[in-house]
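Residue numbers (the numbering used here): 45 to 244.
No residue lacks a Cβ here, since even glycine has one placed at the ideal position from N, Cα and C.
The structure presented is a predicted model; accordingly, all values stated were derived computationally and were not measured.
Have a look at the structure below, then the notes.
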């Protein structure tokens, strides 16, 4: 490979590549961590079934037992919680010099324009509402889905990669005083629809 070809290949790598790579590694890490937690819980429960309960409680820190039994945080839940904290702080940063928003629709427009561009690298393609507290944010080329092949073959595999962005959007909305549930719908990659339902 000559220097010109190498330079062309390097220039074709987008500026958001570090974020996408980091995001992919975070998803992989939490998925692997979740598998080990589930396996440890299953081993512990099996040990509990096979032995006398007093043997398990002897020498162990009893305060960690509820966490071992009732821990339900999977990879997606952890990523969404992380995204919530990030989105909350980003919304504060991006809106600090703006005048107060007049209403809910103005807040949603801020999310879809300034916030989306600053956070995800481009604006949304479409914002629609039924004027009854439900908003649909459509992005036809979402950044965390760009590593997947276009089409429908990887739609079910991409859902964990949307947990962090869902949390980011929910955290940003919360910072702006909007309590909402946020879900995603992916029909064909890399297009995604964020369904935002206001909680009143």
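**Item:** Within the region 132–156, ranges of the alpha helix (DSSP H) (whole runs, at least 4 residues)
**Value:** Here the runs fully enclosed are 148–154.
**Whole-number beta carbon distance between residue 123 and residue 152, since they are thought to touch under 8 Å** = That belief does not hold up - the Cβ atoms of residue 152 and residue 123 are roughly 23 Å apart, past 8 Å.
**Message:** Can you find the residues in the same chain that come closer than 6 Å, C-beta to C-beta, to residue 223, ignoring five residues on each side of it along the sequence?
**Reply:** Around residue 223: 243.
**Item:** residue 137 versus residue 231 - alpha carbon distance
**Value:** 32 Å
**Prompt:** Do the CB positions of residue 233 and residue 198 come within less than 8 Å of each other?
**Reply:** Between residue 233 and residue 198, the gap from beta carbon to beta carbon is short of 8 Å.
**Asked** Are residue 236 and residue 189 close, meaning C-beta to C-beta below 8 Å?
**Response** yes
**Asked** Distance, Cα to Cα, residue 206 vs residue 228?
**Response** 7 Å
**Request:** Compute the Euclidean distance between the alpha carbons of residue 164 and residue 186, then round it to the nearest angstrom.
**Result:** 8 Å
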